[in-house]
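The next block holds one structure in the form of structure tokens; read it before the comments.
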Amino acid sequence: MQPISATQALKDYRCPGCTSIIAPGTAHVVVWRADGVMGESADLAARRHWHSHCWRVA
Ligand SMILES: [Zn+2]
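Counted from 1, the sequence shown has number 1288 at position 54 by this note's numbering; the numbering is strictly sequential.
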């Protein structure tokens, strides 16, 4: 899990926690598996962007 600052958030993402869009310029977190059996590239492709508050309650 890695925090993304507002200035790093250049695109909009769909948060899987609340299914709403994370607007550009919104600080949030990006989450991925580091232990995937499909390898590192598959792990990177499976990254998910969450609102910080949605990830905390997940
Ligand atoms: Zn959310």
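Heads up, the beta-carbon is just placed ideally off N, CA and C, and yes, glycines get one too.
Please report the straight-line C-alpha distance between residue i and residue j, rounded to a whole angstrom.
i        : j        : result
Ala-1240 : Arg-1267 : 23 Å
Ser-1286 : Ala-1261 : 7 Å
Pro-1258 : Met-1272 : 30 Å
Val-1265 : Trp-1284 : 8 Å
Met-1235 : Arg-1248 : 16 Å
In or out: residue i buried (at least 16 other Cβ within 10 Å) or exposed?
i        : result
Cys-1252 : exposed
Ile-1255 : exposed
Return the bridge partner residues of residue i from the DSSP annotation.
i        : result
Trp-1284 : Val-1263
Pro-1237 : Val-1263
Arg-1248 : Ile-1255
| Within the structure, which residues are defined as neighbours of ligand 1 by a Cβ-heavy atom distance below 5 Å, reported in chain order? | Cys-1249, Gly-1251, Cys-1252, His-1285, Cys-1288
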